[in-house]
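352 is the number of the first residue of the sequence shown in this note's numbering; add one for each residue after it. Idealized CB from N, CA, C, for every residue including glycine. This report refers to the structure that appears directly beneath it.
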Amino acid sequence: MRLVWQSLCVSHASRALYDIIGWYLKSKSAHVEYCPGALSIGLIQLVEVLQATLTISEAKMSSYKLIYFNGKGRAETARFMFAVAKQQYEDKRVSGEEWAEVKKSLLFGQVPVLEVDGVQLTQSCAINRFLAKRLNLYGNDDMEAAKIDQVCEALVDLGIVLRDCLHEQDEDRKKMLHKKLLETQAPRHFAGLVKLLDANGGDGFFVGNKVSLADLDAASYFLDMVTRVPDLKLNEPKLVAHLERMKAIPELADWLKKRPESPF
Ligand SMILES: N[C@@H](CCC(=O)N[C@@H](CS)C(=O)NCC(=O)O)C(=O)O
């Protein structure tokens, strides 16, 4: 994609500034063509538009390979982001036979792993944030990004309790964890999430005025993770309505229709 950086001048000083920025952007990317002189529009807006366009074009031009098992688990939020952003990627699902060999090649011997232009990234939260930034799903500013993190971290906490409960082998302890999850931890987390939705208007997104990592992470949890625990119901109408809104996003609806069957 070719961008034309048109430097504009209101005064000699601003002209110099435009030229410096134009030169800087060109030095950073071969996709910017710097043409001094011409049109007059606001410097800040222009820089913002350029930065956003560069980020998007950088995201679109990279190659992505997501490595996980044939499951939703810790990889599905990333898949939701790829779907909503209409970003191409390789969805590599490692089979049981391949796993021992693949494991040796991974930094922590675990998945998910995201390869970006051949560079390996591990840890689902780091992968999700990286993708959210790349795919313009991380809010409009630092405050929105922090609010998005807030939702994701609450879901991580809930996920820990949920997995503890699922994986516990001791029957008595499993019962105790299950009761605690149903009676204390899930209601507390659900209530907090409803408060965050309410604080943002109640019937839209978790943060700001557009879909973000927070919404897609919540959708992935409530659609897949929560259903794995017997008797755990998403019994907050506002969270159910939020999930329905997410499922209605055409690109996500399309992914949900075509995603492979998987055991978890
Ligand atoms: N903190 C890591 C945990 C990764 C993790 O536990 N991965 C599991 C699958 S969900 C795994 O690779 N298990 C196989 C193994 O450890 O051999 C993350 O969030 O990515």
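> Are the beta-carbon atoms of residue 418 and residue 462 separated by less than 9 Å?
Replying inline: yes
> Any idea if residue 569 is buried or exposed, counting beta-carbon neighbours within 10 angstroms, 16 or more meaning buried?
Replying inline: buried
> Whose C-beta lies closer than 6 Å to the C-beta of residue 464 among residues of the same chain, with five residues either side of it excluded?
Replying inline: 418, 457, 471 and 473
>> Contact between the region 580-596 and the region 529-545 is defined here as three or more beta-carbon pairs at a separation below 8 Å; is this criterion met?
In response: yes
> Helix, strand or coil: how does DSSP classify residue 444 here?
Replying inline: strand
> Of the choices 412, 492, 493 and 421, whose alpha-carbon is the least far from that of residue 612?
Replying inline: 421
>> Quick test of your reading: residue 486 and residue 436, contact by CB under 8 Å. State the CB separation rounded to the nearest angstrom.
In response: 4 Å
> What number of angstroms, rounded off, separates the C-alpha of residue 591 from the C-alpha of residue 556?
Replying inline: 13 Å
>> Can you tell me which residues fall inside 5 Å of ligand 1, judged by beta-carbon distance to its nearest heavy atom, and keep chain order?
In response: 424, 425, 461, 462, 474 and 475
> For residue 473, which residues does DSSP report across the bridge?
Replying inline: 464
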